[in-house]
């Protein structure tokens, strides 16, 4: 019979930890929270110091019954939920439900699920940290007061089913503000001149820089013609050659935010997917003879710090694998943002010895790809800087200056293992120049003039929005992915080509929020509130006073909004077509998954159909229908025959009008990190990315 009961959140975590603790311990899962505020009411007594009313979550009765039964059979209970505010709150609620003294040493925390970490954690249990609990409780109550007071107002004034949230509303406003910037943007014309130059058979590129040693802008075709007219012949003299050696340091190990960003760039993962897979790697994966083991440290963190043990293990691996010269020397400064809590280590492998290639057979494809990314980033962070040889060359013809820049890797250092991705998807490449010297003459072979226009700021990708939220202090590591998921599920924003665009509904709700609750949508106000929650966690602020300061003003604004907010009617937009079933006009309606087409004679006629867009390609299967662009319930674009369900042709890749020159099958556009390339659906025919 077991002496101790250990309670964690998930069965996977329970299985991994149970293996390390032995027969004296029984490990069970609470399946997350067992108590929460009721869904049917606000559940906060604002007149009694904001006292929360907690109830057992529906469906958790059997779980609690099982835990109580197990608790009666053991000498001691340990609460081992995750090492953050949410985990501390789960432990506190369990203590309350099971009658455990919160002042007893019942709380066990660990940053990684390995035998050593688990054994050490159980040798040093502690009391439940009420400051952490109060910080989580304050966030929960704040969000409940905002959501459960504003949402019914939106239902009454705009549309049923709408909701507002403290962090999500700011995220939506950021997306809307960016869209306004794009719409207001006025492109400016500018030009460039690129020349191809020959030095004894070696051809290189140089770009126009300026005239008479001064940098010169080309803003029109007339400016370009004036420069070209000034050129005298094909000979260009090398007036300056500058050679330098430049060091480039590796990036630091992953935080939650940087992991989500890099997984989006390199693996095309959504933030939610990244966190789901990271959770699996943290809780444990069965890797054969070793059994189930946690492969990474805790994945909700804003710190780049790693333990000395992990550093030494990484350095030993680097020296053995690549050589001593590849090991980073000396201490490295870790620049932490002002909002960083630094409560946990960075996201890293629990053991460098577990190389991705060795455990690949035991992981799913996505688990392997994410683990490999985390492993490589950690190893690279302890490697020596890369050394680049750079070269800058000035070429002159009659006072007109062209400049060429080249670089090549002298010593790869960390780049042998890992190079951080870029938002534009471009990879770094060596740019070689001939061994040029001052006083030499080279020949111009070709001159190209290019017209350009300045571009508006890009729409937010998930990765870019997470990065911006982090920089502005909005939300914390545990909130990024849920926030992005929420604003999409509520149809306030949509993803088009993996970039956020606001919906009409999102714009209407945000406009009302800005008018009546401006502080909730104010970035600085939201960032200050996050800092206040941090202060509660650190024991520097009282949670009741923080909520009270907020609610006093919020309550006044709520009353004003109740009296002054006008009814907003979201009118159905006519499509210009009539219903084929009853003859009434068809209209665009707003639904759970975005806009769709429906009959205006609803509810008498319930005819509906999705909005489709023809792409000008005949169906390759039935030869009669046309291929149209559609949206899945998860807002993912796919292509299918407009004769569905008679013809069931579908494709995730966009078909094009041409057929394969090798086998006459359908050609499609495939999106990759290198761009869009055309490929055959039947044979190996491919065309280079554009």
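In UniProt numbering, the protein residues as written are 1 to 690. A virtual CB, placed ideally from N, CA and C, is assigned to each residue, including glycine.
*asked:* Let's test the definition: count the other Cβ atoms within 10 Å of the Cβ of residue 265 and tell me whether it reaches 16, buried, or not, exposed.
replied: Against the chain shown, residue 265 aligns to sequence position 265. With 16 or more other Cβ atoms within 10 Å, it is buried.
_Nearest neighbour of residue 209, chosen from 131, 304, 272, 399 [CA to CA]_ = Within the chain shown, numbered from 1, the residue matching residue 209 stands at position 209. Taking only the C-alpha atoms, the option nearest residue 209 is 399.
*Identify, in the order they occur along the chain, each residue of the same chain with its Cβ nearer than 6 Å to the Cβ of residue 381, setting aside the five sequence neighbours on each side.*
What you label residue 381 is simply residue 381 of the chain shown in a count that begins at 1. So the list reads 250, 252, 253, once near-sequence residues are dropped.
*asked:* Please return the same chain residues whose Cβ sits closer than 6 Å to the Cβ of residue 100, not counting the five positions on each side in sequence.
replied: Here the question's residue 100 lines up with position 100 in the chain shown. Cβ within range, chain order: 77, 106.
*asked:* With three or more C-beta pairs closer than 8 Å as the rule, is the region 10-22 touching the region 278-287?
replied: yes
_For residue 118 and residue 294, I'd like the C-alpha separation in whole angstroms._
Position 118 of the chain shown, counted from the first residue, corresponds to residue 118. Position 294 of the chain shown, counted from the first residue, corresponds to residue 294. Roughly 11 Å between the two C-alpha positions.
*Can you check whether the CB of residue 191 is closer than 7 Å to the CB of residue 451?*
Here the question's residue 451 lines up with position 451 in the chain shown. Here the question's residue 191 lines up with position 191 in the chain shown. Result yes, Cβ atoms of residue 451 and residue 191 sit closer than 7 Å.
*So, are the CB atoms of residue 521 and residue 170 less than 7 Å apart?*
Start at 1 with the first residue of the chain shown, and residue 521 comes out as number 521. Start at 1 with the first residue of the chain shown, and residue 170 comes out as number 170. Closer than 7 Å, so yes.
*Where do the N-terminal and C-terminal ends of the alpha helix (DSSP H) with residue 21 fall, by residue?*
Taking the chain shown and counting its residues from 1, one reaches residue 21 at position 21. Looking at the DSSP string, the run of the alpha helix (DSSP H) that includes residue 21 is 11-21.
*asked:* Quick check on residue 537: buried or exposed, where buried means 16 or more other Cβ atoms within 10 Å of its Cβ?
replied: The sequence position of residue 537 within the chain shown is 537, counting from 1. Burial call: buried.
_Buried/exposed call for residue 413, threshold 16 Cβ in 10 Å_ = To locate residue 413, count along the chain shown from 1; it is residue 413. It is buried - the Cβ of residue 413 has at least 16 other Cβ atoms within 10 Å.
_Across the region 156-166 and the region 507-523, are there enough close Cβ pairs to call them in contact, namely three or more that are closer than 8 Å?_
yes
*State the CB to CB distance for the pair residue 241 and residue 393, rounded to an integer number of angstroms; the pair is presumed to be in contact (CB under 8 Å).*
Looking up residue 241 in the chain shown gives position 241. Looking up residue 393 in the chain shown gives position 393. Rounded, the Cβ-Cβ distance is 5 Å, consistent with contact.
*asked:* How far does the alpha helix (DSSP H) with residue 140 in it extend, from its first residue to its last?
replied: On the chain shown, position 140 is the one that residue 140 refers to. Start and end: 130-157.
*asked:* Which same chain residues end up closer than 7 Å to residue 185 when comparing Cβ atoms and leaving out the 5 residues on each side of it in sequence?
replied: Looking up residue 185 in the chain shown gives position 185. The answer, listed in chain order, is 456.
*Per DSSP, which one or two residues make a beta bridge with residue 677?*
Counting from one through the chain shown, the residue named residue 677 turns up at place 677. Partner(s): 670.
*asked:* Please identify the residue among 271, 653, 624, 2 whose C-alpha is closest to the C-alpha of residue 644.
replied: Here residue 644 refers to the residue found at position 644 when the chain shown is read from its first residue. Looking at the Cα atoms, 624 is the closest of the given residues.
*Return helix, strand or coil for residue 411, following the three-state DSSP convention.*
Here the question's residue 411 lines up with position 411 in the chain shown. Correct three-state label for residue 411: strand.
*Backbone CA spacing between residue 570 and residue 590 [nearest angstrom]*: The count along the chain shown starts at 1 and reaches residue 570 at position 570. The count along the chain shown starts at 1 and reaches residue 590 at position 590. Distance between the alpha carbons of residue 570 and residue 590: 9 Å.
*In angstroms, rounded to a whole number, what distance separates the CA positions of residue 548 and residue 145?*
As a working mapping, residue 548 is identified with position 548 in the chain shown. As a working mapping, residue 145 is identified with position 145 in the chain shown. Taking the straight line joining both Cα atoms gives about 11 Å.
*Determine the extent of the alpha helix (DSSP H) in which residue 554 is found, giving its start and end residues.*
Along the chain shown, one-based indexing puts residue 554 at 554. Bounds of the alpha helix (DSSP H) holding residue 554 are 543-564.
*Look at the Cβ atom of residue 510, then the Cβ atom of residue 172, and state whether they are nearer than 7 Å.*
Residue 510 sits at position 510 when you count from the first residue of the chain shown. Residue 172 sits at position 172 when you count from the first residue of the chain shown. Their beta carbons are under 7 Å apart, which means residue 510 touches residue 172 by this criterion.
*asked:* Output needed for residue 243: all residues of its chain with C-beta closer than 6 Å, excluding positions within five of it in sequence on either side, in chain order.
replied: Along the chain shown, one-based indexing puts residue 243 at 243. If we look at residue 243 and ignore the five residues flanking it on each side, its Cβ neighbours are 391.
*Rounded C-beta distance between residue 397 and residue 218? I'm assuming under 8 Å.*
The count along the chain shown starts at 1 and reaches residue 397 at position 397. The count along the chain shown starts at 1 and reaches residue 218 at position 218. Contact doesn't hold; Cβ gap of about 16 Å is too wide.
_residue 386 - partner residues in DSSP beta bridges_ = Start at 1 with the first residue of the chain shown, and residue 386 comes out as number 386. Paired residues: 248.
*With a cut-off of 8 Å, do at least 3 Cβ pairs link the region 345-361 to the region 289-304?*
yes
*Taking only the alpha-carbon atoms, compute the straight-line gap between residue 50 and residue 552 and give it to the nearest angstrom.*
Position 50 of the chain shown, counted from the first residue, corresponds to residue 50. Position 552 of the chain shown, counted from the first residue, corresponds to residue 552. Spanning the two alpha carbons is a distance of roughly 12 Å.
*Straight-line Cα distance separating residue 495 from residue 657*: One-based indexing of the chain shown puts residue 657 at position 657. One-based indexing of the chain shown puts residue 495 at position 495. One Cα belongs to residue 657, the other to residue 495, and the distance between them is close to 26 Å.
_Rounded C-alpha distance that separates residue 315 from residue 198_ = Stepping through the chain shown from its first residue, residue 315 is reached at position 315. Stepping through the chain shown from its first residue, residue 198 is reached at position 198. About 46 Å.
*Give every residue of the same chain whose Cβ lies closer than 6 Å to the Cβ of residue 54, excluding the five residues on either side of it in the sequence, and list them in chain order.*
For this step, residue 54 is matched to residue 54 along the chain shown. Once the five neighbours on either side are set aside, the close Cβ partners of residue 54 are 35.
_Buried or exposed (CB count within 10 angstroms, at least 16 for buried), residue 132_ = Residue numbering aside, residue 132 sits at position 132 when the chain shown is read from its first letter. By the neighbour-count criterion, in which a residue is buried when 16 or more other Cβ atoms sit within 10 angstroms of its Cβ, residue 132 is buried.
*Drop a sphere of 10 angstroms on the beta-carbon of residue 579, count the other beta-carbons inside from all chains shown, and report buried for 16 or more, exposed for fewer.*
Here residue 579 refers to the residue found at position 579 of the chain shown. The residue in question, residue 579, is buried, as its Cβ has 16 or more Cβ neighbours within 10 Å.
*Mind checking residue 97: buried by the 16 CB within 10 Å criterion, or exposed?*
Sequence index remark: in the chain shown, residue 97 carries index 97 (1-based). So residue 97 counts as buried.
*Expressed to the nearest angstrom, what Euclidean distance is found between the alpha-carbon atoms of residue 598 and residue 613?*
The count along the chain shown starts at 1 and reaches residue 598 at position 598. The count along the chain shown starts at 1 and reaches residue 613 at position 613. Near 16 Å, if we compare the C-alpha coordinates of residue 613 and residue 598.
*asked:* By DSSP's criteria, residue 584 is part of a beta bridge. Which residues make up the other side?
replied: Your numbering for residue 584 matches position 584 in the chain shown. None, per the DSSP bridge assignment.
*Helix, strand or coil at residue 344 [DSSP, three-state]*: Position 344 of the chain shown, counted from the start, is the residue given in the question as residue 344. Residue state, collapsed to three classes: coil.
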